[in-house]
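**Q** This is the structure I have questions about; it appears just below.
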Amino acid sequence: MATTFLPPFLPSPGHAYVNELRSRMQALAKTGTIFEPWSGRHVYDDAEINQFIESLRIPNPYNDPSKACIILHDLGELAHHSRVTKIFAGKNTFLVNGSGTGKTRLCYEGLCAKWGLYFTFHVDSGGLGSRDIELLVRDFQSNHHENPTSPENIPKMAHLLGSILLARLSVLLLFLESVNDSNSDLREEHKKWWLLVQLSPHSLTRDTIWDPFEMLASLINTEQDTYLAENIRDALRKIRKITGNEKLVIAIDEAQMGLELLTHAFRGKKKLLHILIEAFRELTGDQCTLVCAGIDLPQSEFVDTDGSDFVWTSDTGAFDDPNEQEKYVIKFLPPSLRDSPTGQFLVARIWRWLRGRHRFTAAFIGVLLTEGLKHPHTRLDDMLHSLLSIQPVDAVKYSCEEGTHRLWEQRLAGFNVLTILPKQHDLFLDILLRYLVTRDGAHTFRSDQTQFVYDGWARFVDGNLGQIVLDEPLALLKIARHLFPFPEATGFRLHHPATLIRSLRTNVPQTTEGLVHCIVLYLAEVFKPHRPLNKIFAFPSEPPPWADQSASLVRFHRLDTNEITHSTTAPYDFESFRPLAARTTSLDQTLLWMEHAGQEEPPFCLPIHSPNVDLFCALKLADGSLVWVALKAFATAESIDSDQLAMAFANLERNHISGDVDETTRSRIDLAVDSLPKFSSERFLRVVSSFPFEIEDLEEFLPEDTFDAATLSFAALETKKDQVLQTELFDAMIAGVLAGHTGKSRWESDDGALHTATHRIRHLVPEEAAIHQAVPTATWDGRMSSEEPLVVKPKRARNKRPTASRSAAKPRTTRKTMRRAKKLDDDDDDDGPVAESSKGKRKSTVVKKVTSSRPQSALPAAQKNKGKAVVRSDSPGDEPDGSRSLALKKRKRQSDIDMTEAAQPAESDKPPAGNTRSKTRAEAKRTRKG
């Protein structure tokens, strides 16, 4: 049957194939029923739920009752949105943003507003679109492998792409002819119907194997290209005569694949996408608008070549507003769920975890409808576990109330951690720690750091490819899980440690800011067993009496009456939207924090403007008095010079912390410092902390009567069962990321609790604990000192002290370590030239690495170099199992052991090594005086 709609020179096989499609096309063009609506009757036996699902009329292109195609729901509702109108404004355009940001849906919406063609270089697992380009390019590659750079490859590829274009135009003419034959006027909805035909090519043939667009293009491509351009322009003239004078839109999705396929098939710098742009523009006489949407489309690829005159945009939008996301989500919730407390909290959780790019919210809606309306929180947990390898505990009670259900078997495409380069670890760690502490960690990359977008971690948040931001919970927590894998009790515990100290040795903070953030968490958690102050801080001499008291971290509040009160922070205080620390950028802001000007101040202040102090906090002692702590941190892998350390302590004195200021400011500082209840000037504690090399001995260069100076070491409690764990670090990161947005769902609880701590699974719903991962303990890194009796080396009352702390770990016994021990023994008996030559040298701290988390007795020799302070060594490579029996035998053979001490087990909460030795020397001095 001849028709005036088709191009006059279409090859005979092509004409014949088009005629085979006519009857089916007429039916589709008459009713617009391309897809049947999805039904949930095979899943739910609740009449109300099934009636609600049917009212949604979600297309089902898969003929699969277990899948609902959310991307096609309400297709066309955004067709006239300003964002769509701008992208499809008649200018050739590159639409670029990260994976899952909504580029494909924008292409669909644009083609609901404009007559056009939809091509894609790759059909994803959703199965929407024709594989004509994908399959025919693959055939081209297999047929041209013998001469991959032949000069004929470019014109042959251009002809192939032209055949694909003519095939699509011919089927569009068939659609328009079918609408005309149905005696129907051309309406706006016909644009959507034509798009749906392109998204489901098999609807034209009811054949799931052969793609009609690809078949027709193959038939056209076999002919010579004599009439190809003429046929295409003839088809365009007929289309415009029917649809109006507006340019036809050609959308090219997954355009980045056009830069990745056949990279060595063409001479020069030509790539497949360049050839497509050139061919389509030339064959159409530049009478069509091209919109190329993709991810990895560097602008440098289109300088002085095809596409150099295109407009660039990244305006995809996102769920960056909780109200906008809620509007989208509640459309899919049955009223009984939407209006219930569990449904309202579900909306809050979706904002917590899935905000940002559109894909993940839409993916969960698909999961929810197809199998989760009876247990929504459980299915959200399942999805998060699949994507992040974590087990959320922020809705344990709701999940328990949902009862038993079949296991979740779906798998979702997420993030590829293999794209994370080792050199990026430090940056990602700093970002996560900033979220943990301040709730304000969103990182903006430079405009030239587009690789983070291409790899999927970041996205453009503006319309001009200028602002690249990493701020989405799923991306951030996937990185966090990669850096901090769930601890292992056996096997991989060396690389998957259970304790904070070992985790930090695996991921060492490289910046002062990162180290300070770790210290914030450490101090927030380490006081929860009500430890005495001198068990956390190491003093240079005998600790002051007030340091024997238990201490708690303090948070200040200003009441409506302007009265200032304070409260001690509870364990796991990080489980809140409230930040743990305030970052202050000026002395005025710092003083406002010290004066408690805000309604509720964070317990820590990080004065980033100050070169002298990195952290302020206040501690409450058992007697009710409060202590200021001013801390300076050194993120260093090398020893710290003694003069530098002495200067650091001097700059932490209350009169020096702010540098040179006028009298008015000085008076204000004094008033702020003295404002603590029951505060005395001697309780302004100056603290220095260093990592990964840690300072231990201070008395070599600080006056013996110094009671207001101390050091802080992560390793002080390394052998204790109740030390800070890796799970606390990771749970705090989760809380920081979930709370790290200025927007907040209106359905969040009034108390602002996030409930992210892993330990809660046992306390909230004990019966559910068995189905979750076991909660790690410190013993997963090896037995702790309180589990076995230890023979402790006697305290020495002498000026020269052992070279290793009592809390330092026991190294493995090897020939190398035995030779080193022998050398130290020799040095201990030698006051010869080495000792003499060191007397005139400047003091500096000497450092060495902690080899494991095992307890150890002091090494057998003392360091004779005068002016050297001893610092522990830090090697994460040693497992904690080696040489236990050998070590115990050696300890028993020591002839100078006090038998009373030897019979006692190690203290369950011994003070840092420096404190013990300081007491010993002070006692010895008092003995000599006596």
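FYI, UniProt numbering numbers position 281 of the sequence shown as 281, with every residue one higher than the one before it.
The beta carbon of each residue, even a glycine, is placed where N, CA and C say it ideally should be.
(1) For residue 520, which residues of its own chain have a beta-carbon under 6 Å away from its beta-carbon, when the five flanking residues on both sides are left out?
(2) Use the C-beta contact count for residue 256: other C-beta atoms within 10 angstroms, 16 or more gives buried, fewer gives exposed.
(3) Closest to residue 352 by CA distance: which of 777, 751, 744 and 750 is it?
(4) Classify residue 699 as helix, strand or coil using the three-state DSSP reduction.
(5) Find out if the Cβ-Cβ distance for the pair residue 171, residue 216 is shorter than 8 Å.
(6) Based on the DSSP output, what are the partners of residue 690 in its beta bridges?
(7) Can you list, in chain order, the residues of its chain whose CB lies under 7 Å from that of residue 268, leaving out five sequence neighbours each side?
(8) Please tell me whether residue 383 and residue 396 are closer than 8 Å, where the distance is taken between their beta carbons.
(9) Given residue 613, which residues of its chain have a CB within under 8 Å of its CB, disregarding the five upstream and five downstream residues?
(10) Using CA atoms only, rank isn't needed, just tell me which of 469, 76 and 53 is closest to residue 68.
(11) Suppose you measure from the CA of residue 532 to the CA of residue 551; what does that come to, to the nearest Å?
(12) Rounding to the nearest angstrom, what Cα-Cα distance links residue 71 and residue 106 in this structure?
(13) For residue 34 and residue 12, what's the separation of their Cα atoms in angstroms?
(14) CA-CA distance, residue 932 and residue 417?
(15) Please return the same chain residues whose Cβ sits closer than 7 Å to the Cβ of residue 9, not counting the five positions on each side in sequence.
(16) Based on the DSSP secondary-structure assignment, which residues constitute the bridge partners of residue 117?
(17) Got a sec, what are the start and stop residues for the beta strand (DSSP E) residue 289 sits in?
(18) Put residue 607 into one of helix, strand or coil per three-state DSSP.
(19) When you compare each of 593, 342, 537 and 238 to residue 714 by their alpha carbons, which one comes out closest?
(20) On the CB-based measure, 16 or more other CB atoms within 10 Å of its CB, does residue 221 come out buried or exposed?
(21) Where are the alpha helix (DSSP H) runs, 4 residues long or more, that stay fully inside the segment 262-341, in chain order?
(22) Per DSSP, what kind of secondary structure is residue 352 in: helix, strand or coil?
(23) So residue 778 and residue 725 are in contact, right, with Cβ under 8 Å, and what is the actual spacing, rounded?
(24) Go ahead and label residue 945 buried or exposed: buried means 16 or more other beta carbons lie within 10 angstroms of its beta carbon, across all protein chains shown.
(25) According to DSSP, is residue 545 helix, strand or coil?
(26) Runs of 4 residues minimum, wholly inside the segment 159-246: which ones carry the alpha helix (DSSP H) assignment?
(27) Helix, strand or coil, according to DSSP, for residue 434 in the structure here?
(28) List, from N- to C-terminal side, the beta strand (DSSP E) runs of 3 residues or more that fit wholly inside the segment 507-565.
(29) Return the residue from the list 398, 119, 137 and 404 that minimises the CA-CA distance to residue 195.
(30) In the DSSP assignment, find the unbroken beta strand (DSSP E) run with residue 661 in it and report its ends.
(31) Using a Cβ-Cβ cutoff of less than 7 Å, which residues in the same chain neighbour residue 935 once the five nearest sequence positions on both sides are dropped?
(32) Roughly how many whole angstroms lie between the Cα atoms of residue 712 and residue 757?
(33) Curious, which full-length alpha helix (DSSP H) runs of at least 4 residues does the segment 26-70 contain?
(34) Would residue 626 and residue 673 be called neighbours here (beta carbons separated by less than 8 Å)?
(35) Let me know the secondary structure DSSP gives residue 417 once reduced to three states.
(36) Hey, is the segment 395-409 in contact with the segment 478-495, meaning 3+ C-beta pairs nearer than 8 Å?
**A** Let me spell this out:
(1) Excluding positions up to five away in sequence, the list reads 437, 580, 581 and 604.
(2) buried
(3) 744
(4) Correct three-state label for residue 699: coil.
(5) yes
(6) 634
(7) Cβ neighbours of residue 268 beyond the five flanking positions: none.
(8) no
(9) 607, 630, 631, 632, 651, 652 and 657
(10) 53
(11) 6 Å
(12) As the crow flies, the alpha-carbon of residue 71 is around 10 Å from that of residue 106.
(13) 28 Å
(14) For residue 932 there is no data in the structure shown, the boundaries of the chain being 1 and 930.
(15) Setting aside the 5 residues that flank it on each side, residue 9 is surrounded in the same chain by 227, 230 and 231, each with a C-beta closer than 7 Å to its C-beta; the list follows chain order.
(16) 250
(17) Looking at the DSSP string, the run of the beta strand (DSSP E) that includes residue 289 is 288-294.
(18) If DSSP states are grouped into helix, strand and coil, residue 607 belongs with the strands.
(19) 537
(20) buried
(21) 272-283, 322-330 and 335-338
(22) Note: residue 352 maps to helix in three-state DSSP.
(23) 6 Å
(24) Absent from the structure is residue 945, since the part of the chain shown begins at 1 and ends at 930.
(25) In the structure shown, residue 545 sits in a helix (DSSP, three-state: H, G or I).
(26) 188-199, 212-221 and 228-243
(27) helix
(28) 551-558
(29) 119
(30) Note, residue 661: premise wrong, no beta strand (DSSP E); not H, not E.
(31) With the chain represented from 1 up to 930, any question about residue 935 goes unanswered, as that position is not in the structure.
(32) Separation of residue 712 and residue 757 (C-alpha to C-alpha, rounded to the nearest whole angstrom) is 25 Å.
(33) 47-56
(34) no
(35) helix
(36) no
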